[in-house]
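Participant: This is the structure, below, for whatever I ask next.
There are 2 protein chains.
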Amino acid sequence: MTADEIAELKPEVPDWQLLERDGIARLERSSPSRASPTRWPSPNRVGALAEEEGHHPALLTEWGRVTVTWWTHKIRGLHRNDFIMAAKTDALAAESGHATRAEIPEGRAP
Amino acid sequence: MTADEIAELKPEVPDWQLLERDGIARLERSSPSRASPTRWPSPNRVGALAEEEGHHPALLTEWGRVTVTWWTHKIRGLHRNDFIMAAKTDALAAESGHATRAEIPEGRAP
Chain A
1 MTADEIAELK PEVPDWQLLE RDGIARLERS SPSRASPTRW PSPNRVGALA EEEGHHPALL
61 TEWGRVTVTW WTHKIRGLHR NDFIMAAKTD ALAAESGHAT RAEIPEGRAP
Chain B
1001 MTADEIAELK PEVPDWQLLE RDGIARLERS SPSRASPTRW PSPNRVGALA EEEGHHPALL
1061 TEWGRVTVTW WTHKIRGLHR NDFIMAAKTD ALAAESGHAT RAEIPEGRAP
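Residue numbers (the numbering used here), protein chains in the order written: chain A, 1 to 110; chain B, 1001 to 1110.
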């Protein structure tokens, strides 16, 4: 993907951080810390999604915090598919029955 | 633990790497890569062990490779218990029904 293509897709996954590690661009998102309410799918649900799609993230579980990182090995960088997988991970979080930013109608907060 | 205590216990877990990250001493071991036969417990089994013992490692799953890292948050370093947890992780791997180094009698190889 070109920088323009990345800039175009990034707003679709606002909660993900675009970062470079070992010279490879990646999309990463962490759950809130253990003390906060869970708004993030379990490692098992992300693992099941990865199996279904045949595309595997790095999945770090550490003291109750889960970090998911998507990138594409073969191209050593980001592919459109990584943005799709990030959005699908967000959708799993929403399915968990916890409110996500997208579900809270703006302007209707108490 | 003092450096002497660490040096005394380290031989008990020969397959673990002693490393320092963010100024914190840790014990770390990775499974063989995806292509190799699995000789390492699944993240779920390590997670279950952690729950039982009330002590949680960092657990990284990445393209079929599982990396387990033990250290003790509270003391920002290694406690004897981390060596025990490393040995218990090895025992889980052995239970998985795969040969481990300890199970192969030396001098009897074909």
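Just so it is clear, CB atoms sit at the ideal spot from N, CA and C, and this is done for glycine as well.
Since we're looking at a predicted model, the values are computed, not measured.
1. Decide if residue 63 (chain A) is buried, meaning its Cβ has at least 16 other Cβ atoms within 10 Å, or exposed.
2. Taking CB distances under 8 Å as the criterion, tell me whether residue 92 (chain A) reaches chain B.
3. Can you list, in chain order, the residues of its chain whose CB lies under 8 Å from that of residue 1076 (chain B), leaving out five sequence neighbours each side?
4. So who's on the other strand from residue 1059 (chain B), going by DSSP bridges?
5. Would you say residue 1059 (chain B) reaches chain A, if we count a Cβ-Cβ gap shorter than 8 Å as a contact?
6. Since residue 29 (chain A) is in the beta strand (DSSP E), which residue starts that stretch and which ends it?
7. What is the rounded straight-line gap between the Cα of residue 1001 (chain B) and the Cα of residue 1054 (chain B)?
8. Kindly give me the distance between the Cβ atoms of residue 1092 (chain B) and residue 1045 (chain B), rounded to whole angstroms, as I take these residues to be in contact under 8 Å.
9. Kindly list, in the order they appear in chain B, the residues whose Cβ is closer than 9 Å to that of residue 43 (chain A).
10. Specify the secondary structure class of residue 1018 (chain B) as computed by DSSP and reduced to three states.
11. Are any of the Cβ atoms in chain A nearer than 8 Å to that of residue 1073 (chain B)?
12. Quick one: grab the DSSP three-state call for residue 1077 (chain B).
13. Measure the Cβ-Cβ separation of residue 86 (chain A) and residue 49 (chain A) and say whether it is below 8 Å.
14. Shortest alpha-carbon distance to residue 89 (chain A) belongs to which of A:51, A:41, A:79 and A:81?
15. Beta-carbon separation of residue 1058 (chain B) and residue 60 (chain A) under 8 Å?
16. Chain B partners of residue 56 (chain A), CB-CB under 7 Å?
17. Can you tell me whether residue 56 (chain A) is buried or exposed? The criterion is at least 16 other CB atoms within 10 Å of its CB, across all chains shown.
18. Grab me the residues of residue 1067 (chain B)'s own chain with a C-beta within less than 6 Å of its C-beta, minus the 5 sequence neighbours each way, in chain order.
Facilitator: On the basis of the supplied data:
1. For the purposes of this step, residue 63 (chain A) is taken as the residue at position 63 of the first sequence. By the neighbour-count rule (16 or more Cβ atoms within 10 Å), residue 63 (chain A) is not buried but exposed.
2. Here the question's residue 92 (chain A) lines up with position 92 in the first sequence. With 8 Å as the cut-off, residue 92 (chain A) does not count as an interface residue toward chain B.
3. Residue mapping note: residue 1076 (chain B) aligns to position 76 of the second sequence, counting from 1. So the qualifying residues of the chain are 1023 and 1024.
4. As a position in the second sequence, residue 1059 (chain B) is number 59, starting the count at 1. DSSP lists A:61 and B:1068 as partners of residue 1059 (chain B).
5. The residue you call residue 1059 (chain B) lines up with position 59 of the second sequence. The Cβ of residue 1059 (chain B) sits closer than 8 Å to at least one Cβ of chain A.
6. Here the question's residue 29 (chain A) lines up with position 29 in the first sequence. Annotation: the continuous beta strand (DSSP E) that includes residue 29 (chain A) extends over 24-30.
7. For this step, residue 1001 (chain B) is matched to residue 1 along the second sequence. For this step, residue 1054 (chain B) is matched to residue 54 along the second sequence. Distance between the alpha carbons of residue 1001 (chain B) and residue 1054 (chain B): 20 Å.
8. Walking along the second sequence from the start, residue 1092 (chain B) turns up at place 92. Walking along the second sequence from the start, residue 1045 (chain B) turns up at place 45. For residue 1092 (chain B) against residue 1045 (chain B), the beta-carbon gap comes to about 5 Å, under 8 Å, which counts as contact.
9. Sequence index remark: in the first sequence, residue 43 (chain A) carries index 43 (1-based). Those are 1043, 1044, 1047, 1059 and 1061, listed as they occur along chain B.
10. Here residue 1018 (chain B) refers to the residue found at position 18 of the second sequence. Looking at residue 1018 (chain B) - three-state DSSP - the assignment turns out to be strand.
11. Position 73 of the second sequence, counted from the first residue, corresponds to residue 1073 (chain B). Judged by the 8 Å Cβ criterion, residue 1073 (chain B) is in contact with chain A.
12. For the purposes of this step, residue 1077 (chain B) is taken as the residue at position 77 of the second sequence. DSSP, reduced to helix, strand and coil, places residue 1077 (chain B) within a strand of the structure shown.
13. Position 86 of the first sequence, counted from the start, is the residue given in the question as residue 86 (chain A). Position 49 of the first sequence, counted from the start, is the residue given in the question as residue 49 (chain A). No, Cβ-Cβ distance for residue 86 (chain A) and residue 49 (chain A) is not below 8 Å.
14. As a first step, residue 89 (chain A) must be located in the first sequence, where it is residue number 89. Out of A:51, A:41, A:79 and A:81, A:41 has the C-alpha closest to the C-alpha of residue 89 (chain A).
15. For the purposes of this step, residue 1058 (chain B) is taken as residue 58 along the second sequence, with counting starting at 1. For the purposes of this step, residue 60 (chain A) is taken as residue 60 along the first sequence, with counting starting at 1. A contact, by the Cβ cut-off of 8 Å.
16. Counting from one through the first sequence, the residue named residue 56 (chain A) turns up at place 56. Within 7 Å Cβ-Cβ: 1063.
17. For the purposes of this step, residue 56 (chain A) is taken as residue 56 along the first sequence, with counting starting at 1. Buried is the call here.
18. The residue labelled residue 1067 (chain B) in the question sits at position 67 within the second sequence. Closer than 6 Å at Cβ, skipping near neighbours: 1030 and 1060.
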